[in-house]
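Peer 1: The number in this note's numbering is simply the position in the sequence shown, starting from 1, with 1 added.
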Amino acid sequence: MKPLIGILSSVDNEQSTSVMARYTSVIERSGGLPILIPFTLNGEQHRAYTEVCDGFFFTGGADIDPLYYGEEASADCGEIQPYRDSLEFSMLDEVLRAKKPILAVCRGAQLVNVAFGGTLYQDIHNEYKTDISHRQAEPLLSHSHEVEISEGTPLKELFGENRARVNSFHHQAVKTLGAGLCAMALADDGLIEAFYLIGKSYLRAYQWRPERLYDKDDYNKKIFDDFIAACRDGRNE
Ligand SMILES: [Mn+2]
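Structure (structure tokens):
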């Protein structure tokens, strides 16, 4: 039986849920069976999904309502999906409690950070001094900037390299990391591009979009292979 991977994705104002095919296809190609978690605020249903699935993938998308980290939305905060926010914070709580493996990318990484008490730059361009374009001009499936990988982190172990080429499609970023989270890759301007949860659960969060580089290099494919392996093993570290 392939590991069943619950995918959290877009929830619009009609409470319709949709997922980009690239997310499901990379989960499938790395050996998982993707299933889309529909919109519901029923906590019992959240717990049931958490029990049934072997791991959870929190994907990219709209900005998180800054009220979740104690700020009013600035003029440059992007689209907010309140139904998605409600669903994902609740599901994330359940999944962490059950210690099921978590992979989070882009908005997903920001969600995890906020859930652990961290904060975000609502708009990098306005709030952070950088020469790097984090909204890349390069084509969708190309690399853009590089990251420096920190020693002694799961990412260093996975890639075996000190540097990696990534892509960049974000206008928000981690400002302060939540308690218990540890950075594992930084852009050359100091922004956090990847982090993990220290301790008991498998939780890996990437600010870039590894699914778009799955066929471009072996490293980004490894991110999904490693996650699916963790789900398969029921590995909790
Ligand atoms: Mn970036």
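Idealized CB from N, CA, C, for every residue including glycine.
#1: With a 10 Å radius around its C-beta and 16 neighbouring C-beta atoms as the bar for buried, classify SER169 as buried or exposed.
#2: Within 8 angstroms: the Cβ of ASN182 and any heavy atom of ligand 1?
#3: Just curious, the beta strand (DSSP E) that GLU149 is in, first and last residue?
#4: In three-state terms, what does DSSP make of VAL113?
#5: What is the DSSP secondary structure of ILE6, counted as helix, strand or coil?
#6: Taking the alpha-carbon of ARG108 as reference, which of ASP94, ALA165, GLN123, GLU95 has the nearest alpha-carbon?
#7: Nearest to GLN16 by CA position, among HIS126, LEU42, SER151, is which residue?
#8: Does DSSP put SER91 in a helix, a strand or coil?
#9: With C-beta atoms as the reference, is LEU112 less than 9 angstroms away from PHE90?
#10: On the criterion of 16 or more Cβ atoms from any shown chain inside 10 Å, does PRO2 qualify as buried, or is it exposed?
#11: Figure out for me which residue from ASP227, ALA138, SER143 has the closest Cα to the Cα of LEU156.
#12: Classify ASP227 as helix, strand or coil using the three-state DSSP reduction.
Peer 2: Result, derived from the coordinates:
#1: buried
#2: Correcting the residue type first, residue 182 is Leu in the shown sequence and not Asn. No - ligand 1 has no heavy atom lying nearer than 8 angstroms to the Cβ of LEU182.
#3: 147–150
#4: helix
#5: strand
#6: GLN123
#7: LEU42
#8: helix
#9: yes
#10: The sequence given here places Met at residue 2; Pro does not occur at that position. Looking at its Cβ environment, which holds fewer than 16 other Cβ atoms inside 10 Å, MET2 is exposed.
#11: ASP227
#12: helix
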